[in-house]
């Protein structure tokens, strides 16, 4: 594995690290994996997950990888423009794909992202046919009837939840959010803006398009209040007739930022295996 | 700004160089990161400090220690002594790039005590700036172990792994070898051997900071400032919120501004 720092763009470049397999171990010269930021954490990723994954893919799947910072995050300067952050992210991923195409002649890309990075991977795939696969960690998904039942039954069975409910109704306990929860003055605490979660029907329509294009999709869901059982994604988007192009993994014990080493290793292994299998199945010409 | 890899090929380091924007000061600045989750949440602050100091006329290098960030290796293979070596590589790299003869070290939390150690091992250091410093390696390890134990009571799966003694804390591991090398570090003892200007910037008051201040207050070349700001670098939420303690960044910038070209007015 060999790494080099790359600056994409002349004015206010996007800063990234290109990581390629050792000479003779490149399995697919046409396909690269691009790893996207999560929230406001720089390209290293939560708990250094992005670096670990990028290197593991290059070493064990034989593909080149590129991890970079969107403008305004990490080492990339903010860029002025009229685009929303969502649209700017798609344009910047496309800019990176153009750069890698010109530089190394890649013409197929696998996008990886966690949370907001997953959302950006999904949106870019919709816009650009060069994207042949996405690996999304805690990507777009919505509650189903079954997940609501699981959610509320657990709450109803919890004496602590009942106590909190009563105290809140009596005005003795405030619902803490954002800066109140962290205890940190919000002037001094930056969190991502997740305001643009699209309607479920819109995502279902998008997934249908991607499915018809035979986009390869890996979804990994960690333990959180909104994803309650392994089949929730399939139930949520039951209108989309996925075939062999969809794989869903549920890790209910894992935290959203994969803070536990065992969870991190398991998820990295699963993604590396999936990337290897997926890339090997792509046409060679 | 220029990002690049430097240092030994087996343990290459990610560096980000901010050339001076004005003047021709013969003093560069190396910024030394804290550990683990603190590093992730300090990245924006360290970057902003680098930009601000470069605009004052100081060439600045910030970098990732081996086993962290974009640098080579992983945390299981490194020791605190090796991170001190990495600071040495960064000092040399900055001297070569900027053509400066002297380098100031600014260290945040664990980076401060490592910078103090590096200041003893190099003849090229102009001054040492401590930002919310870890003052005692052993005490820091106890702090982490206590935090892990308290988190477990709240349902965290973070744990001190046995039998090898590796600590897993907020998504980052610290090997027994790292702990062993860090245990011996004491800022108070290191400071006795540092005959350079030292400044301490703190976001809050603690007994440890006060002890360092009492120890060094008699020195002509010691400056201390309290710049109240958030300091819970290990606060971990599910969306990756990051700290932005602007009052401390501003205070350090003012300090370098006031002491440009070695006027050292603060020390007078």
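Residue numbers (the numbering used here), protein chains in the order written: chain D, 1 to 285; chain C, 1001 to 1268.
We put the beta carbon where it would ideally sit given N, CA and C, even for glycine.
Which chain C residues are close to residue i, counting only those with a beta carbon under 7 Å from its beta carbon?
i, result
"residue 188 of chain D", "1229, 1230, 1243, 1244, 1245, 1246"
"residue 292 of chain D", "Residue 292 of chain D is absent from the structure shown; chain D starts at 1 and stops at 285."
For residue i and residue j, I'd like the C-alpha separation in whole angstroms.
i, j, result
"residue 1089 of chain C", "residue 248 of chain D", "45 Å"
"residue 265 of chain D", "residue 258 of chain D", "9 Å"
"residue 71 of chain D", "residue 42 of chain D", "11 Å"
"residue 201 of chain D", "residue 1207 of chain C", "57 Å"
"residue 1063 of chain C", "residue 1033 of chain C", "8 Å"
"residue 1097 of chain C", "residue 1009 of chain C", "18 Å"
"residue 1079 of chain C", "residue 123 of chain D", "42 Å"
"residue 1022 of chain C", "residue 1056 of chain C", "7 Å"
"residue 101 of chain D", "residue 279 of chain D", "17 Å"
"residue 150 of chain D", "residue 112 of chain D", "29 Å"
"residue 1125 of chain C", "residue 1099 of chain C", "14 Å"
"residue 24 of chain D", "residue 1233 of chain C", "43 Å"
"residue 1219 of chain C", "residue 1198 of chain C", "9 Å"
"residue 1140 of chain C", "residue 1231 of chain C", "15 Å"
"residue 267 of chain D", "residue 61 of chain D", "15 Å"
"residue 84 of chain D", "residue 196 of chain D", "10 Å"
"residue 166 of chain D", "residue 189 of chain D", "31 Å"
"residue 1050 of chain C", "residue 1127 of chain C", "16 Å"
"residue 1106 of chain C", "residue 1241 of chain C", "24 Å"
"residue 1086 of chain C", "residue 134 of chain D", "37 Å"
"residue 1111 of chain C", "residue 27 of chain D", "40 Å"
"residue 1059 of chain C", "residue 57 of chain D", "36 Å"
"residue 78 of chain D", "residue 90 of chain D", "15 Å"
"residue 1265 of chain C", "residue 1213 of chain C", "Model confidence at residue 1265 of chain C stands at a pLDDT of 45, short of 50, so the residue's coordinates are unreliable and nothing is read from them."
"residue 198 of chain D", "residue 1185 of chain C", "52 Å"
"residue 242 of chain D", "residue 205 of chain D", "13 Å"
"residue 1020 of chain C", "residue 212 of chain D", "53 Å"
"residue 1133 of chain C", "residue 281 of chain D", "53 Å"
"residue 1031 of chain C", "residue 1046 of chain C", "7 Å"
"residue 1103 of chain C", "residue 1117 of chain C", "14 Å"
"residue 269 of chain D", "residue 46 of chain D", "17 Å"
Going along chain D, which residues have a C-beta under 9 Å from residue i?
i, result
"residue 1042 of chain C", "Within 9 Å Cβ-Cβ: nothing; residue 1042 of chain C doesn't reach chain D, min ~11 Å."
"residue 1047 of chain C", "42, 74, 75"
"residue 1018 of chain C", "In chain order: nothing, as chain D lies at least about 11 Å away."
"residue 1173 of chain C", "261"
Which residue from the options puts its Cα closest to that of residue i?
i, options, result
"residue 1216 of chain C", "C:1196, C:1038, C:1099", "C:1196"
"residue 1168 of chain C", "D:263, D:35, D:268", "D:263"
"residue 53 of chain D", "D:13, D:96, D:1, D:11", "D:1"
"residue 44 of chain D", "D:214, D:170, D:105, D:114", "D:114"
"residue 1163 of chain C", "C:1153, C:1172, C:1176, C:1149", "C:1176"
"residue 235 of chain D", "D:218, D:214, D:141", "D:141"
"residue 229 of chain D", "D:209, D:144, D:32, D:73", "D:144"
"residue 240 of chain D", "D:208, D:7, D:50, D:255", "D:208"
"residue 203 of chain D", "D:233, D:185, D:225, D:75", "D:233"
"residue 29 of chain D", "D:10, D:88, D:16, D:65", "D:65"
"residue 1221 of chain C", "C:1227, C:1200, C:1094, C:1190", "C:1200"
"residue 127 of chain D", "D:97, D:18, D:106, D:81", "D:97"
"residue 1170 of chain C", "C:1016, C:1160, C:1223", "C:1160"
"residue 1224 of chain C", "C:1236, C:1235, C:1211", "C:1211"
"residue 1145 of chain C", "C:1173, C:1123, C:1259", "C:1173"
How close, in whole Å, do the beta carbons of residue i and residue j come, if the pair is a contact with beta carbons under 8 Å?
i, j, result
"residue 63 of chain D", "residue 220 of chain D", "Going by Cβ atoms, the distance from residue 63 of chain D to residue 220 of chain D rounds to 18 Å, so no, they are not a contact pair."
"residue 161 of chain D", "residue 130 of chain D", "Actually they are not in contact, since the Cβ atoms of residue 161 of chain D and residue 130 of chain D sit about 47 Å apart, beyond 8 Å."
"residue 38 of chain D", "residue 116 of chain D", "6 Å"
"residue 1113 of chain C", "residue 1135 of chain C", "7 Å"
"residue 1001 of chain C", "residue 1024 of chain C", "Not a contact, Cβ separation roughly 19 Å."
"residue 138 of chain D", "residue 118 of chain D", "6 Å"
"residue 251 of chain D", "residue 222 of chain D", "5 Å"
"residue 1204 of chain C", "residue 1228 of chain C", "7 Å"
"residue 1061 of chain C", "residue 1094 of chain C", "4 Å"
So which residues of chain D does residue i contact, with C-beta pairs closer than 8 Å?
i, result
"residue 1003 of chain C", "5, 7, 15, 75"
Going along chain D in order, which residues have a C-beta closer than 7 Å to the C-beta of residue i?
i, result
"residue 1070 of chain C", "17, 44, 51"
"residue 1168 of chain C", "261"
Which chain C residues sit within Cβ distance under 9 Å of residue i?
i, result
"residue 39 of chain D", "1239, 1240, 1241, 1242"
Can you name the residues of chain C whose CB is closer than 8 Å to the CB of residue i?
i, result
"residue 257 of chain D", "1171, 1236, 1238, 1240"
Counting only beta-carbon atoms, is residue i nearer than 8 Å to chain B?
i, result
"residue 1205 of chain C", "This model lacks chain B altogether; the protein chains it does include are D and C."
Check each residue of the segment 46-69 of chain D: if its Cβ is closer than 7 Å to any Cβ of chain C, include it; give the result in chain order.
-> 46, 47, 51
Residues from the segment 106-135 of chain D in contact with chain C, defined by Cβ distance under 8 Å = 115
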